[in-house]
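Its first residue numbered 128, the sequence shown is counted upward by one per residue in this note's numbering.
We treat Cβ as the ideally placed atom computed from N, Cα and C, and that holds for glycine.
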Amino acid sequence: MYAVVKTGGKQYRVAQGDTIKVEKLEGDPGEMVTLSEVLLLKGDELKIGRPLIEGASVTAEIVGQDRHPKILVYKYKRRKRYRRKNGHRQPYTALKITAISG
């Protein structure tokens, strides 16, 4: 059984036991989180939401709060002596999928 859930403006295909990295969610490691925006559910039969499936949810446990590796952003304009270097680390929440109900 798997589901497609939407969180943080992105969509993820999840199954029970999967670990995914999503945009930062509030909570401490060990807490349970319910993702209620389920777009698709595949078990014995396929259920497609329009846009969401009523009453379906995915339960996950927060494994950790961390940040992705640093990416470097360069800005440059030729002949103008304009150069800028900037770094960015995006925070994320690691979730372990414990149950899919629907």
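Self-check item: Test item: CB-CB of VAL185 and VAL141 under 8 Å
Solution: The sequence position of residue 185 within the sequence shown is 58, counting from 1. The sequence position of residue 141 within the sequence shown is 14, counting from 1. Cβ distance < 8 Å, so VAL185 and VAL141 count as in contact.
Using DSSP bridges, identify the partner residues of GLY191.
Numbered from 1 along the sequence shown, position 64 holds the residue referred to as residue 191. DSSP, once it has assigned bridges, lists ALA221 as partnering GLY191.
**Message:** Checking 8 Å against the spacing of the C-beta atoms, do ALA187 and ILE224 come in under that value?
**Reply:** Position 60 of the sequence shown, counting from 1, holds the residue named residue 187. Position 97 of the sequence shown, counting from 1, holds the residue named residue 224. Going by C-beta atoms, ALA187 is nearer than 8 Å to ILE224.
*Three-state secondary structure assigned by DSSP to ILE180*: For the purposes of this step, residue 180 is identified with residue 53 of the sequence shown, where counting begins at 1. In the structure shown, ILE180 sits in coil (DSSP, three-state: anything other than H, G, I, E or B).
Would you please state the rounded distance, in angstroms, between the beta carbons of ALA130 and LEU167? I believe it to be under 8 Å. Looking up residue 130 in the sequence shown gives position 3. Looking up residue 167 in the sequence shown gives position 40. With 8 Å as the limit, ALA130 and LEU167 qualify as a contact, their Cβ atoms being about 6 Å apart.
Please state whether DSSP places GLY157 in a helix, a strand or coil.
In the sequence shown, the residue the question calls residue 157 occupies position 30. Note: GLY157 maps to coil in three-state DSSP.
Query - Cβ shell of THR134 (< 8 Å), same chain only, five flanking positions each side left out - result: Along the sequence shown, read from residue 1 onward, the residue named residue 134 stands at position 7. Excluding residues within five positions, the ones whose Cβ falls inside 8 Å are VAL149, GLU150, LEU152, LEU162, GLU164.
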